[in-house]
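*Asks:* To start, I am sharing the structure in question, which I have written as C-alpha cells.
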Amino acid sequence: MGQLYIDGTWSDAAEGGSREIRCPADGRLVGEVSEATAGDTERAIGAARTAFDDGRWSTVAPAERGALLLRVADLLQRDKDRLARAETLDTGKRVVESEIDMDDITNCFRWFGHLAASDDGRLVETGVPNARSKVVHEPVGVCGLITPWNYPLLQTAWKVAPAIGAGCTFVLKPSELTPHTAIILMELLEEAGLPSGVGNLVLGAGATAGGPLSTDPRVDMVSFTGGLATGKILMANAAATVKKVALELGGKNPFVCFADADHDTAVDNILTGIFLHSGQVCSAGARLVVEESAHDRIVDDLVERAQRIVLGGPDDAGTETGPLISAAHREKVEAYVAQGVAEGAVLRCGGERPTDPRLADGFYYPPTILDRCTQDMSVVHDESFGPVLTVETFTDLDDAVRIANDTEYGLAGAVFSADHGTCEEVAGRLRHGTVWINDFGPYVPAAEWGGFGHSGVGRELGRAGFAEYQETKHIWTNTRPGPTGWFPSSTTGSGS
Ligand code: NAD
Numbered sequence: 001m002g003q004l005y006i007d008g009t010w011s012d013a014a015e016g017g018s019r020e021i022r023c024p025a026d027g028r029l030v031g032e033v034s035e036a037t038a039g040d041t042e043r044a045i046g047a048a049r050t051a052f053d054d055g056r057w058s059t060v061a062p063a064e065r066g067a068l069l070l071r072v073a074d075l076l077q078r079d080k081d082r083l084a085r086a087e088t089l090d091t092g093k094r095v096v097e098s099e100i101d102m103d104d105i106t107n108c109f110r111w112f113g114h115l116a117a118s119d120d121g122r123l124v125e126t127g128v129p130n131a132r133s134k135v136v137h138e139p140v141g142v143c144g145l146i147t148p149w150n151y152p153l154l155q156t157a158w159k160v161a162p163a164i165g166a167g168c169t170f171v172l173k174p175s176e177l178t179p180h181t182a183i184i185l186m187e188l189l190e191e192a193g194l195p196s197g198v199g200n201l202v203l204g205a206g207a208t209a210g211g212p213l214s215t216d217p218r219v220d221m222v223s224f225t226g227g228l229a230t231g232k233i234l235m236a237n238a239a240a241t242v243k244k245v246a247l248e249l250g251g252k253n254p255f256v257c258f259a260d261a262d263h264d265t266a267v268d269n270i271l272t273g274i275f276l277h278s279g280q281v282c283s284a285g286a287r288l289v290v291e292e293s294a295h296d297r298i299v300d301d302l303v304e305r306a307q308r309i310v311l312g313g314p315d316d317a318g319t320e321t322g323p324l325i326s327a328a329h330r331e332k333v334e335a336y337v338a339q340g341v342a343e344g345a346v347l348r349c350g351g352e353r354p355t356d357p358r359l360a361d362g363f364y365y366p367p368t369i370l371d372r373c374t375q376d377m378s379v380v381h382d383e384s385f386g387p388v389l390t391v392e393t394f395t396d397l398d399d400a401v402r403i404a405n406d407t408e409y410g411l412a413g414a415v416f417s418a419d420h421g422t423c424e425e426v427a428g429r430l431r432h433g434t435v436w437i438n439d440f441g442p443y444v445p446a447a448e449w450g451g452f453g454h455s456g457v458g459r460e461l462g463r464a465g466f467a468e469y470q471e472t473k474h475i476w477t478n479t480r481p482g483p484t485g486w487f488p489s490s491t492t493g494s495g496s
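Mapping of the sequence shown onto the UniProt record's numbering: position 466 corresponds to residue 466, and the numbering continues sequentially without gaps.
So this is what it looks like as C-alpha cells:
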C-alpha cells in the first residue's frame with residue numbers, strides 16, 4: 001500500500017484509513033494508498049518545522065542544493081518508464097503524454113538545479129562612503145504544497161524543485177485521485193540524499209489531509225494549484241496567520257483567430273488547444289474568438305475533425321485522447337454543456353456520452369463544440385475543464401481584444417494571424433499571463449507561468465517562480481561607525 005512519508009519514515013495513516021485508486025479509463029484497481037487525517041498532516045508539519053529550524057537544509061550551500069536537484073533529474077530519467085506508467089494509470093492519459101510530462105519534469109529539476117546553484121546575493125550601491133549594502137536570499141521556511149490531478153507530477157515538480165533549491169522544507173499533498181507519482185518522487189528524493197524531514201508527503205482528501213497546510217501557524221507559505229473556489233478558501237485561511245500565498249488557479253483562455261491566419265495551422269492548433277488531455281488543462285484554449293468572415297469555414301472543419309478524434313484507454317491502440325478524471329467531473333461537464341444549450345448556444349458536435357461498449361467502464365466524454373456563443377452566457381465565463389469549445393465571433397481587432405479580455409481569469413491566450421503587427425498588438429493588449437503567437441501550448445522552465453486576475457497570485461517557473469520560495473534580506477554595514485548627532489540637545493554636556 002502507498003504510504004505517507006514523514007520525517008524520513010514511511011508509515012500508514014494514524015487512524016489506519018486507506019483509499020482505492022482506480023484508473024478512470026476502465027475502472028481497474030491501480031492501488032491502495034493511506035488516507036491521512038489532519039493529525040498526520042500536523043505531524044508532517046512538525047517534522048518540516050524542526051527540519052527547517054535546525055538548519056539541516058537551509059544552511060546547506062546553494063551549490064549543494066542545486067547538485068541534489070540535478071541528481072533527482074537523473075533519477076527521474078532513469079525511472080521515466082515507471083513514472084509515466086504510474087501517471088497514466090492514475091489519470092487515464094496516454095503513455096506518450098505521460099512520457100512527455102516526465103521529460104518536462106526532468107527539465108524542470110535541471111533548470112532549478114542550475115539556478116539554485118548560481119543563486120547568490122548582490123552588493124547594492126549606497127552612495128554613502130562608509131557603508132556597504134548587500135541583498136541576500138533566504139528560504140521562506142516551511143511550505144505547504146497542494147497539487148491537482150490533471151498534471152499530477154508536473155504541477156508537483158514546479159513547486160518541489162524550487163522549494164528544495166531555495167532551502168525550504170515542505171509538506172506535499174497531491175490530489176487524492178492521483179497520488180502514485182508523488183510517492184515515487186519522494187522515494188527518489190530520499191535516494192538522491194535529501195535529509196529526513198525536509199520533504200514530507202501526506203495523502204488524502206482536500207479539506208481533511210490538506211486543511212492544516214493553510215491554517216497551521218507553523219507553515220510559512222502555502223503554494224496551491226487547483227480550482228478557483230479552493231484557492232479562495234486557502235487564501236482566506238492563510239490570512240489568519242499571514243502566510244505567504246502562491247496560487248495557480250483556473251483559466252478561460254481565448255484563442256483569437258483572424259481570417260488571414262493559415263487555415264490548416266489554425267484549425268489544427270485550435271483542436272489541440274482544447275481537446276488535448278480531453279480539455280483537462282488549465283491553459284486549454286476553451287474560447288475560440290474567430291473573425292466573423294472566417295467563422296463558417298473554420299468551425300465546419302473543426303466540427304468535422306473533432307468528431308474523428310479517437311477516444312480510448314491507455315492500452316487501446318490508436319487512442320488519441322483519454323477519459324475525464326472521475327464520474328463526478330464528467331457530470332460537471334455534462335451540466336455545463338446542458339447549461340450552454342439552454343442559454344442558446346448551438347451544439348455542433350459531441351454533447352453525449354459515447355455509446356461504444358469499449359468505453360463503457362471509463363469516464364469518457366467526446367470533443368464538444370458550442371457555436372454562436374455570446375459574452376452573456378455562463379459557459380463563456382465558467383471553466384468546464386473538459387473537452388468543450390465555445391465559439392464567438394469578432395469584427396475588428398478592438399472587438400477581438402475586448403472579447404478575449406472579458407473574463408475574470410487571465411491565465412493564457414493565443415493569437416493567430418498572418419500579420420505580425422496584428423499579432424504583436426493583440427499580444428500586448430491581452431491581460432493574460434502567457435500569450436502564444438501563431439502557436440498554442442509550449443512553455444519552458446526558464447519563463448514564468450501564472451495568471452492575471454482570478455487565475456492566481458504569484459508565478460511558477462522562471463526566476464520569479466524561484467523567488468516565491470525566498471525571503472529577501474537587506475544587510476547594511478556601517479564600516480566606520482560613529483554617533484548620529486541627530487538629537488544634539490540630548491547629547492550637549494554628555495560625558496562631562
Ligand atoms: P481542486 O481545487 O479541487 O483540488 C486541488 C487540490 O487541492 C487537491 O489536492 C485537493 O485535494 C486540494 N484541496 C481541496 N480542498 C482543499 C482544502 N480545503 N484545503 C487544502 N487542500 C484542498 O482542483 P482540481 O479539481 O484537483 O484541479 C483542477 C483545477 O486546477 C482547475 O480549475 C484547473 O484550472 C486548475 N489548474 C491550474 C493550473 C495552473 O497552472 N494555473 C494547473 C493545473 C490545474
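Virtual Cβ for every residue (Gly too), placed ideally from N, Cα, C. All figures in this text were calculated on a predicted structure; none of them were measured in a lab.
Helix or strand or just coil, what does DSSP make of C23?
*Replies:* If DSSP states are grouped into helix, strand and coil, C23 belongs with coil.
*Asks:* I233 lies in the alpha helix (DSSP H); which residues open and close that run?
*Replies:* First-last of the alpha helix (DSSP H) with I233: L228 to A239.
*Asks:* Should A13 be counted as a contact of ligand 1 given a C-beta to heavy atom distance under 7 Å?
*Replies:* Outside the cutoff, so no.
*Asks:* Give me, in chain order, the residues of the same chain whose beta-carbon lies closer than 8 Å to that of G17; leave out the 5 immediate sequence neighbours on both sides.
*Replies:* Here the set comprises S34, E35, A36, T37 and G204.
*Asks:* According to the neighbour-count rule (16 or more other Cβ atoms, all chains shown, within 10 Å of its Cβ), is A63 buried or exposed?
*Replies:* The residue is exposed, with fewer than 16 neighbouring Cβ atoms inside 10 Å.
*Asks:* Please list the terminal residues of the continuous alpha helix (DSSP H) segment that includes W449.
*Replies:* Where W449 is concerned, there is no enclosing alpha helix (DSSP H), given that its DSSP letter is neither H nor E.
*Asks:* Helix, strand or coil for T472? Go by DSSP, reduced to three states.
*Replies:* The answer is strand: DSSP assigns T472 an E or B state.
*Asks:* Indicate, with yes or no, if ligand 1 has a heavy atom lying under 7 Å from the CB of C257.
*Replies:* No; taking the cut-off as 7 Å, the Cβ of C257 has no heavy atom of ligand 1 nearer than that.
*Asks:* Thinking C-alpha only, which one of L75, R463 and E468 is nearest V457?
*Replies:* Nearest of L75, R463 and E468 to V457, Cα basis: E468.
*Asks:* Cutting at 6 Å between CB atoms, please list the residues of its own chain near D301, excluding the five before and the five after it.
*Replies:* V267.
*Asks:* Would DSSP call T156 helix, strand or coil?
*Replies:* Helix.
*Asks:* If you measure from the CB of F452, is any heavy atom of ligand 1 nearer than 7 Å?
*Replies:* It does not: the Cβ of F452 is nowhere closer than 7 Å to a heavy atom of ligand 1.
*Asks:* Out of L177, P254 and V140, which has the shortest C-alpha to C-alpha gap to R218?
*Replies:* It is V140.
*Asks:* Looking only at its chain, what residues have a beta carbon closer than 7 Å to the beta carbon of N478, apart from the 5 residues adjacent to it on each side?
*Replies:* Excluding residues within five positions, the ones whose Cβ falls inside 7 Å are N130 and A131.
*Asks:* Could you give the distance in angstroms between the alpha-carbon of A240 and the alpha-carbon of A48?
*Replies:* Distance between the alpha carbons of A240 and A48: 20 Å.
*Asks:* Would R65 and G165 be called neighbours here (beta carbons separated by less than 8 Å)?
*Replies:* It is a contact, given that the beta carbons lie within the stated cut-off.
*Asks:* Suppose the cutoff is 7 Å on Cβ atoms and the five residues either side in sequence are ignored; what does the same chain contact list for G281 look like?
*Replies:* Sequence inspection shows Val at residue 281; the Gly mentioned does not correspond to that position. Excluding positions up to five away in sequence, the list reads N150.
*Asks:* To the nearest angstrom, report how far apart V379 and I270 are at their CA atoms.
*Replies:* If I take the Cα positions, the gap works out to 18 Å.
*Asks:* Could you check the C-alpha separation between E248 and S384 for me, to the nearest Å?
*Replies:* Each residue's Cα considered, the two are about 17 Å apart.
*Asks:* For S496, collect the residues of the same chain with a Cβ closer than 8 Å to its Cβ; drop the 5 residues on either side in sequence, then sort them by chain order.
*Replies:* Only weak support exists for where S496 lies, its pLDDT of 44 falling under 50; the value from the coordinates is given anyway. Excluding positions up to five away in sequence, the list is empty.
*Asks:* Any idea what DSSP makes of A317, helix, strand or coil?
*Replies:* It is coil, neither helix nor strand.
*Asks:* Less than 8 Å separating the beta-carbons of P212 and E42?
*Replies:* In contact: P212 and E42 (Cβ atoms closer than 8 Å).
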